[in-house]
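Numbering (this note's numbering), first residue to last: 1 to 126.
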């Protein structure tokens, strides 16, 4: 189950990947929208974890104490007009909620599950 990898240096934000992906894995975000959901699966709980250790389990912790994030069909939906903060990533146990820092890149919260690779990543050029 290899996931696609975007070469950010070559990406022009044209949206072709969003249209072409048969699994609906891509979305385009505005550069100043710092928090995003790195999961598109609508599975929940253990059913989700059977397929992906870092997917959203629909626990709802990211939506606690915030009107900027609500849960819709087992996925967090972010209302960027409400200016979401980094708090949501710290509550996410799987790391499916990600904060993008322009200097440091994508960041996951303190409680996010650590991923231990059992094999080397495949070279994207092969």
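Heads up, the beta-carbon is just placed ideally off N, CA and C, and yes, glycines get one too.
These numbers were taken from a predicted model, which means no experiment stands behind them.
On the DSSP bridge assignment, give the partners of residue i in chain order.
i           : result
residue 70  : 77
residue 107 : 99
residue 37  : 97
What is the residue span of the beta strand (DSSP E) that residue i lies within?
i          : result
residue 49 : Residue 49 -> not in any beta strand (DSSP E); alpha helix (DSSP H) instead, spanning 45-51.
State the start and end residues of the unbroken alpha helix (DSSP H) segment that holds residue i.
i          : result
residue 19 : 16-20
residue 87 : 87-91
Check the C-beta distance from residue i over to residue j and give it rounded, since I have them as a contact under 8 Å.
i           : j          : result
residue 17  : residue 96 : In fact, because the Cβ distance is near 19 Å, the residues do not count as touching under 8 Å.
residue 64  : residue 55 : That pair is no contact at about 19 Å.
residue 113 : residue 53 : 6 Å
Do the CB positions of residue i and residue j come within less than 8 Å of each other?
i           : j          : result
residue 75  : residue 42 : yes
residue 100 : residue 26 : no
residue 58  : residue 44 : yes
Does residue i come within less than 8 Å of chain C when only Cβ atoms are used?
i          : result
residue 82 : Chain labels in this structure do not include chain C; a single protein chain is all it has.
Below 8 Å, how does it come out for the segment 11-19 and the segment 56-72: are there three or more Cβ pairs, yes or no?
Contact between the segment 11-19 and the segment 56-72 is absent, because fewer than three Cβ pairs lie under 8 Å.
Using a Cβ distance threshold of 8 Å, determine whether the segment 83-96 contacts the segment 21-30, with at least three qualifying pairs required.
Of all C-beta pairs linking the segment 83-96 to the segment 21-30, fewer than three are shorter than 8 Å, placing the two stretches out of contact.
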